[in-house]
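Undergrad: Before I ask anything, let me first share the structure, which is written out below as structure tokens.
2 protein chains.
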Amino acid sequence: MTNLTILKLGGSVITEKNTPETIDETALDGLLDAIAAATTADSQLVVVHGGGSFGHVHAAEYGVSTTQGTSEAAAGATIHGAMKRLNQAVLDRLCDRGLEALPVHPLSAAGREENGTLSLPTTATAGLLEEGFVPVLHGDVIAHAGKGLTVLSGDEIVTSLADSLGATRVGLCSTVPGVLDENNAVIDEITRFEDVATVLGDSEATDVSGGMAGKVRELLELGAPAHIFGPDALGEFLAGAEPGTRIDGR
Amino acid sequence: MTNLTILKLGGSVITEKNTPETIDETALDGLLDAIAAATTADSQLVVVHGGGSFGHVHAAEYGVSTTQGTSEAAAGATIHGAMKRLNQAVLDRLCDRGLEALPVHPLSAAGREENGTLSLPTTATAGLLEEGFVPVLHGDVIAHAGKGLTVLSGDEIVTSLADSLGATRVGLCSTVPGVLDENNAVIDEITRFEDVATVLGDSEATDVSGGMAGKVRELLELGAPAHIFGPDALGEFLAGAEPGTRIDGR
């Protein structure tokens, strides 16, 4: 596909992370305005959003993570249902702005092997893109061989789709303005993990989907450049600029 | 997979087909009671339901069928949203009866090629089955190359999954007690389409997903026997008996 951007909206950015199932309306509106302003006929966009106070609260309640599973449908349905509510809120606001957005729920498409390897078929997402729609995916629970259901993080979706769909650019809109060095200054570019290994600790907030180190490691493996940037820089990123930290391991 | 049953609950059976978005509570409760009573630890079950007055009303409103598409996300979202409400009602009632049921929404998984050929990856459905869950799918809209979104009928899902998952038995719970001959008597068994070609017309009610002739033709192609039966015979079917019309083209 030509000119495909995969954009992740961090769950902590678009929700009030410490208040269950509460959207940060100002933040979300700002991001979606930027997306609407940047949309052109010859570009394709996939939006992926995290769980924030919708997914993580319930996942923590049931002890479900990317490696700890549940065999109770009710637990899975609670987490999945909360993520669908957040997804619907994002979809409604995108449609209000004239985007032809449709949901793709990972529980309906993906699965994990026993060793955790993700399989996320792209039939639906690629089909929707080709027909001019904007697929909107989200962190979710999915079937995991031998473990019931485990969490699939938005970040995993981004890296999986970037590879399988052959994304041109990947953007991760985060609460931080980029990957920070030991003086809290944004690192402009990361091309090798070794160069930043000493400064990357775990992410500060408890997050079932892992910290910055793992994120950088995965993004370095992609066949496309990835950018981690703050909410204010989304318009800049979508216009083709390179805000925040550019991560490119190619 | 061993002992996998794929069961279709007709949309006309579980909804009041002429009243928009209305469940036939008595009928649905009866069917789900029969499913709950028949569930055993060593059997796997996939439930597929049709659209009835949830899906068909909106599909007709927007002129969307298995061959006529829409490029408007809002139209697709309306049909998809209605089907999700029906699906949630089925899921809630299955969970109330102790079944570990979870949704699989075809829009998130499937797509059609330009010529209409369906691709429905089974990663999620097979993964959920293996983990002991009951996946519940439904008629939906899906991406269709060159046409935007078209309808995917519950019947198409059943035949696709029966092949790809290697079902042992397929059951279609319909408003009629089986395939009827020219005297309105149930035909016990169909093994070749030619034997029934003269008696099979179109289905009586308007249905975006085609009539009985096409249904029988597709079921004859399966690698497993299929049964078409009325709501009263579901318990009998799940207990291993052969109510209604047995269709087996092998």
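Taken in order, these protein sequences are the chains called A and B. Just so you know, this note's numbering puts 235 at position 235 of the first sequence, and the rest follows in order with no gaps. Just so you know, this note's numbering puts 276 at position 26 of the second sequence, and the rest follows in order with no gaps. Glycine included, every Cβ here is placed at the ideal spot set by N, Cα and C. Here the structure is a predicted model, which is why all the values come from computation and not from measurement.
With Phe-193 of chain A as the anchor, note down where its alpha helix (DSSP H) starts and where it stops.
TA: Where Phe-193 of chain A is concerned, there is no enclosing alpha helix (DSSP H), given that its DSSP letter is neither H nor E.
Undergrad: Within the 8 Å Cβ cut-off, does Glu-143 of chain A reach chain B?
TA: It should be noted that the sequence gives Ala, not Glu, for residue 143 of chain A. Ala-143 of chain A counts as touching chain B.
Undergrad: Report the partner residues of Ile-392 of chain B according to the DSSP bridge assignment.
TA: Beta-bridge pairing links Ile-392 of chain B to B:Thr-400.
Undergrad: Beta-carbon within less than 6 Å of Ser-369 of chain B's beta-carbon, same chain only, minus the 5 sequence neighbours each way: which residues are those?
TA: Excluding sequence neighbours, Ser-369 of chain B sits near Gly-361.
Undergrad: Please specify which runs of the beta strand (DSSP E), each continuous and at least 3 residues long, are wholly inside the region 327 to 415 of chain B, giving them in chain order.
TA: If we require 3 residues or more, the beta strand (DSSP E) runs fully inside the region 327 to 415 of chain B come out as 351 to 353, 384 to 388, 390 to 394, 398 to 402.
Undergrad: Any C-beta of chain A sitting closer than 8 Å to the C-beta of Ser-369 of chain B?
TA: So, interface residue.
Undergrad: Are Val-429 of chain B and Ile-478 of chain B close, meaning C-beta to C-beta below 8 Å?
TA: Yes. Within cutoff.
Undergrad: In whole angstroms, what separates the C-alpha of Val-354 of chain B from that of Ser-108 of chain A?
TA: Whole-angstrom Cα-Cα distance: 4 Å.
Undergrad: As a quick exercise: from B:Gly-331, B:Gly-389, B:Leu-336, B:Leu-341, pick the residue whose alpha carbon is nearest that of Leu-91 of chain A.
TA: Here the closest residue by C-alpha is B:Gly-331.
Undergrad: For Gly-416 of chain B, decide whether its Cβ has a neighbour in chain A, counting only Cβ atoms nearer than 8 Å.
TA: So no, Gly-416 of chain B is outside the interface.
Undergrad: One question on the structure: do Glu-486 of chain B and Pro-475 of chain B come within less than 8 Å of each other, judged by their Cβ atoms?
TA: Contact flag unset, no.
Undergrad: For the region 120 to 139 of chain A, enumerate the residues whose C-beta is nearer than 7 Å to any C-beta of chain B, in chain order.
TA: Cβ contacts with chain B come from Pro-121, Thr-123, Ala-124, Gly-127, Leu-128, Glu-130, Glu-131, Gly-132, Phe-133.
Undergrad: Is any beta-carbon of chain A found at less than 8 Å from that of Val-354 of chain B?
TA: Chain A, which has a Cβ nearer than 8 Å to the Cβ of Val-354 of chain B, makes this yes.
Undergrad: Considering Cα atoms alone, identify which of A:Glu-221, A:Pro-177, A:Asp-248, A:Gly-148 is closest to Phe-71 of chain A.
TA: First, the residue type needs correcting, since residue 71 of chain A is Ser and not Phe in the sequence shown. Measuring from the Cα of Ser-71 of chain A, the nearest candidate turns out to be A:Gly-148.
Undergrad: Any C-beta of chain B sitting closer than 8 Å to the C-beta of Ala-74 of chain A?
TA: Output row for Ala-74 of chain A: interface = yes.
Undergrad: Counting only C-beta atoms, is Glu-271 of chain B closer than 8 Å to chain A at any point?
TA: Not an interface residue.
Undergrad: When you compare only the Cα positions, how much space is there between Glu-194 of chain A and Arg-419 of chain B?
TA: Straight-line Cα distance between these residues: approximately 55 Å.
Undergrad: Write down the C-beta distance between Leu-220 of chain A and Ile-247 of chain A rounded to the nearest angstrom, noting that I regard them as a contact closer than 8 Å.
TA: Right, the Cβ-Cβ distance comes to about 6 Å (below 8 Å), so this counts as a contact.
Undergrad: Could you say which of B:Arg-335, B:Leu-336, B:Val-386 lies nearest to Lys-258 of chain B if we only look at CA atoms?
TA: Selected option, being the one with the closest Cα: B:Val-386.
Undergrad: On the premise that Gly-139 of chain A lies in contact with Met-212 of chain A, defined as a C-beta separation below 8 Å, what is that separation, rounded to the nearest angstrom?
TA: About 17 Å separates the two Cβ atoms, so there is no contact after all.
Undergrad: So, does the CB of Ala-332 of chain B fall closer than 8 Å to a CB anywhere in chain A?
TA: No, Ala-332 of chain B does not count as interfacial toward chain A.
Undergrad: Buried or exposed, going by whether 16 or more other CB atoms sit within 10 Å of the CB of Thr-191 of chain A?
TA: Looking at its Cβ environment, which holds fewer than 16 other Cβ atoms inside 10 Å, Thr-191 of chain A is exposed.
Undergrad: Measuring straight from C-alpha to C-alpha, what distance separates Ile-6 of chain A and Val-466 of chain B?
TA: Near 43 Å, if we compare the C-alpha coordinates of Val-466 of chain B and Ile-6 of chain A.
Undergrad: In the DSSP assignment, find the beta strand (DSSP E) that holds Thr-255 of chain B and state where it starts and stops.
TA: Start and end: 254 to 259.
Undergrad: Counting only Cβ pairs nearer than 7 Å, list the residues of chain B close to Gly-111 of chain A.
TA: Per Cβ cutoff of 7 Å: Thr-373, Ala-374, Gly-377.
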